[in-house]
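Here the UniProt record's numbering is used: the first residue of the sequence shown is 1, the next is one more, and so on. What follows is a single structure, written as structure tokens, with notes after it.
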Amino acid sequence: MVRISTIFIAICMVLVAASLGMVLYSTAAFSATESAIVALTTLTFIVLYNSVAARLRDRSDVGSQVADLSRGTAELAHQIAEFGRRLAAIEGKVVSANSANHDRVQAALNEIDELGGLVKQLAVSVANHEEMLEAGIPAAKPAAAEPDRPAQASEAIAAPSVGQPVTTAATTAAAPAPAQRDAAQLLAIIRNAVEANRIDIYLQPTVTLPQRKVRFYEAVTRLRDDGNLVVTADEFIPTAQSAGLMGQIDHAVMLRCMQVLRRLMVRNKEVGVFCNVAATTLADPDGFAQCLDFLEANRALASSFVLEFKQSMFRNLGPAEVEHLAALAQRGYRFSIDHVTDLRIDPRELADRGVRYIKVPAMLLLDPREYPASDIHPADLSDLLGRFGIDLIAERIEGERAVVDLLDYDVRFGQGFLFAAPRPLRPEAAPASAAAPNISQPDSRAPHHDAGKPPQIEFSREAGRIDPPRLTGNAALARRASGPG
Numbered sequence: 001m002v003r004i005s006t007i008f009i010a011i012c013m014v015l016v017a018a019s020l021g022m023v024l025y026s027t028a029a030f031s032a033t034e035s036a037i038v039a040l041t042t043l044t045f046i047v048l049y050n051s052v053a054a055r056l057r058d059r060s061d062v063g064s065q066v067a068d069l070s071r072g073t074a075e076l077a078h079q080i081a082e083f084g085r086r087l088a089a090i091e092g093k094v095v096s097a098n099s100a101n102h103d104r105v106q107a108a109l110n111e112i113d114e115l116g117g118l119v120k121q122l123a124v125s126v127a128n129h130e131e132m133l134e135a136g137i138p139a140a141k142p143a144a145a146e147p148d149r150p151a152q153a154s155e156a157i158a159a160p161s162v163g164q165p166v167t168t169a170a171t172t173a174a175a176p177a178p179a180q181r182d183a184a185q186l187l188a189i190i191r192n193a194v195e196a197n198r199i200d201i202y203l204q205p206t207v208t209l210p211q212r213k214v215r216f217y218e219a220v221t222r223l224r225d226d227g228n229l230v231v232t233a234d235e236f237i238p239t240a241q242s243a244g245l246m247g248q249i250d251h252a253v254m255l256r257c258m259q260v261l262r263r264l265m266v267r268n269k270e271v272g273v274f275c276n277v278a279a280t281t282l283a284d285p286d287g288f289a290q291c292l293d294f295l296e297a298n299r300a301l302a303s304s305f306v307l308e309f310k311q312s313m314f315r316n317l318g319p320a321e322v323e324h325l326a327a328l329a330q331r332g333y334r335f336s337i338d339h340v341t342d343l344r345i346d347p348r349e350l351a352d353r354g355v356r357y358i359k360v361p362a363m364l365l366l367d368p369r370e371y372p373a374s375d376i377h378p379a380d381l382s383d384l385l386g387r388f389g390i391d392l393i394a395e396r397i398e399g400e401r402a403v404v405d406l407l408d409y410d411v412r413f414g415q416g417f418l419f420a421a422p423r424p425l426r427p428e429a430a431p432a433s434a435a436a437p438n439i440s441q442p443d444s445r446a447p448h449h450d451a452g453k454p455p456q457i458e459f460s461r462e463a464g465r466i467d468p469p470r471l472t473g474n475a476a477l478a479r480r481a482s483g484p485g
């Protein structure tokens, strides 16, 4: 087809040149030679023009083909690069999956090792109980027969100042019952204790679950009368609030707790202290101003110093309390809620007010009879609170079975007599000499717990002195009934 068109064009060019020569010869009086020369010249120009035009068309077609080829090559290179990126991503996922599987296996092995240690401790505890039963130790003893042994235990835990021996929580069994003291006597005891600085601090650890590493300490307040008999918080707080003495007590406790926190953080920067604050202290402008000045001066430790309030107080906040809580939150302090009686909780509102921890009794979480009165199932409570940055702490844990059930509820922190009872802290007035090496056993032991040892291993080192009165007898029941305050 191309050849026919070329021949046709050539014939047309010859005819055009010949026609031009004939016209010049017949009409313009050109000679035959001149007409032939003009015709040949015209034919030459026509041939050259056709050749140049054909060459330009071919060059344009070749350029288009080269451009198409370049675009195809670029597209192919892009696809190859995309496949390379996808292959690299797949290789990265495979490597990360292998690493994650290795980490999970290692974590499982660590958990198995820790569970093995806990089983060994449980076996030792059961063996101790069996030895006590075989030795014929009675299951219950009169409360009046208990004071001597707890007093010895307290001396083993902390070296008190001269003339001010500190007793353990079990000594409360020998203290007069609240019904035996009238309001006037109790008020006099409280005033004398505040004036004489007979305000004792007991520390009870809060541990992580299931590792049981000490993460926090709760400071529990106890007063002592002239006879060094312990007055628990449940006993003296109502009277102290009525007499306007809670501000002084809370300020003294804050001072002592801050000192304890400083000593704890020397070895472990992650430990924290819970300090209970009464509702009347928060509502009293003068008392709160004194506490706020102290907390302002120590705001560098605000991230590790948690102020604890009762649930009933948070549900009945007045304008003054709201303003004071906001002032504390602005200075970096965070809050905890204890004495929880039901699970009707608004986590968003609590988080907005600065609450970061909620302590709920283990029985309230595990008792099915409490479920209908709750706004949320206890199994979902930890996840709900976690969405708003609030950690759930199960308190008053006294059995291993409760720990197993709480782990199913994703509870990450626990507190109770199962891990350790509140231990007394030596008063600051006591000299820190070599004669009193146990200056503050909860303080010095906290770093060892965080280093990976379960807390009951460390506390069990004193078991020979304090565990027998804690395990059996009416003193243990009285101490558990008094609670941590």
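Glycine is no exception: its CB is placed at the ideal position from the N, C-alpha and C atoms. Computed from a predicted model, the values in this text were never measured in an experiment.
Taking Ala36 and Gly21 to be in contact with their CB atoms under 8 angstroms, please state how far apart those CB atoms are, rounded to whole angstroms. If you number the sequence shown from 1, residue 36 lands on position 36. If you number the sequence shown from 1, residue 21 lands on position 21. Between the beta-carbon of Ala36 and that of Gly21 there is about 6 angstroms, and that keeps the pair under the 8 angstroms contact cut.
Checking 8 angstroms against the spacing of the C-beta atoms, do Pro285 and Phe419 come in under that value? Taking the first residue of the sequence shown as 1, we reach residue 285 at position 285. Taking the first residue of the sequence shown as 1, we reach residue 419 at position 419. Taking a C-beta distance under 8 angstroms as the contact criterion, Pro285 and Phe419 do not qualify as a contact pair.
Starting from Gln204, follow its DSSP beta bridges and name the residues at the other end. As a position in the sequence shown, residue 204 is number 204, starting the count at 1. Beta-bridge partners assigned by DSSP to Gln204: Glu218.
For the beta strand (DSSP E) that Glu395 lies in, which residues bound it at each end? On the sequence shown, residue 395 is found 395 positions in, with the first residue counted as 1. It spans 391-395 - the beta strand (DSSP E) in which Glu395 sits, taken as one unbroken run.
Who does Ser336 pair with in a DSSP beta bridge? In the sequence shown, counting from the first residue as 1, residue 336 sits at position 336. Bridge partners of Ser336: Glu308, Tyr357.
Run the CB neighbour count on residue 488, radius 10 Å, all protein chains shown included, and call it buried at 16 or more, exposed below. Because the chain spans 1 through 485 in this model, residue 488 falls outside it and cannot be assessed.
Inspect the beta-carbon positions of Val23 and Leu43 and report whether they are closer than 8 angstroms. The residue given as residue 23 occupies position 23 in the sequence shown. The residue given as residue 43 occupies position 43 in the sequence shown. No; because the gap between Cβ atoms is not below 8 angstroms, this pair is not in contact.
So which of Leu229, Ala123, Leu118, Ala283 has the shortest CA-CA distance to Pro319? On the sequence shown, residue 319 is found 319 positions in, with the first residue counted as 1. Considering only alpha carbons, the answer is Ala283.
Are the CB atoms of Arg344 and Asp391 within a distance shorter than 8 angstroms? Here residue 391 is taken as the residue at index 391 of the sequence shown, counted from 1. Here residue 344 is taken as the residue at index 344 of the sequence shown, counted from 1. Contact flag unset, no.
Give the straight-line distance between the Cα atoms of Asp200 and Glu395, rounded to the nearest whole angstrom. Start at 1 with the first residue of the sequence shown, and residue 200 comes out as number 200. Start at 1 with the first residue of the sequence shown, and residue 395 comes out as number 395. Cα-Cα distance, rounded: 22 angstroms.
For Asn50, does the three-state DSSP call read helix, strand or coil? Against the sequence shown, residue 50 aligns to sequence position 50. Correct three-state label for Asn50: helix.
So, with DSSP's three-state summary, where would you put Phe30? By one-based count along the sequence shown, residue 30 stands at place 30. Secondary structure of Phe30 (DSSP, three-state): coil.
For Cys12, count the other beta carbons within 10 Å of its own beta carbon; 16 or more makes it buried, fewer makes it exposed. Which is it? As a position in the sequence shown, residue 12 is number 12, starting the count at 1. When all chains shown are included, Cys12 counts as exposed.
To the nearest angstrom, report how far apart Thr281 and Leu209 are at their CA atoms. For the purposes of this step, residue 281 is taken as residue 281 along the sequence shown, with counting starting at 1. For the purposes of this step, residue 209 is taken as residue 209 along the sequence shown, with counting starting at 1. Each residue's CA atom was taken as its position, placing Thr281 and Leu209 some 33 angstroms apart.
Go through the segment 234-319 residue by residue and report every complete run of the beta strand (DSSP E) that reaches 3 residues or more, in order. Fully enclosed beta strand (DSSP E) runs of no fewer than 3 residues occupy 272-276, 305-310 of the segment 234-319, in order along the chain.
What residue range does the alpha helix (DSSP H) around Gly386 cover? The sequence position of residue 386 within the sequence shown is 386, counting from 1. Per DSSP, Gly386 is one residue of the alpha helix (DSSP H) stretching across 378-387.
Nearest-angstrom beta carbon gap, Leu229 and Ala193 [assumed within contact, 8 angstroms]: Counting from one through the sequence shown, the residue named residue 193 turns up at place 193. Counting from one through the sequence shown, the residue named residue 229 turns up at place 229. Taking the Cβ atoms as the reference, Ala193 lies roughly 11 angstroms from Leu229, outside the contact range of under 8 angstroms.
Assign Arg57 to buried or exposed, taking buried as 16 or more other Cβ atoms, counted over all protein chains shown, within 10 Å of its Cβ. On the sequence shown, position 57 is the one that residue 57 refers to. Exposed is the call here.
When DSSP builds the beta bridges, which residues end up paired with Val231? The residue given as residue 231 occupies position 231 in the sequence shown. Per DSSP, Leu223.
Please work out which residues of its chain come closer than 8 angstroms, Cβ to Cβ, to residue 513, disregarding the five sequence neighbours upstream and downstream, and give them in chain order. Any question about residue 513 goes unanswered here, given that the chain covers just 1 to 485.
Would Asp352 be called buried (16 or more neighbouring beta carbons within 10 Å of its own) or exposed? Position 352 of the sequence shown holds residue 352. It is exposed - the Cβ of Asp352 has fewer than 16 other Cβ atoms within 10 Å.
How would you label Ala335, buried or exposed, when you count the other beta carbons within 10 angstroms and need 16 or more for buried? Within the sequence shown, numbered from 1, the residue matching residue 335 stands at position 335. Note that residue 335 is Phe in the sequence shown, not Ala. Phe335 comes out buried.
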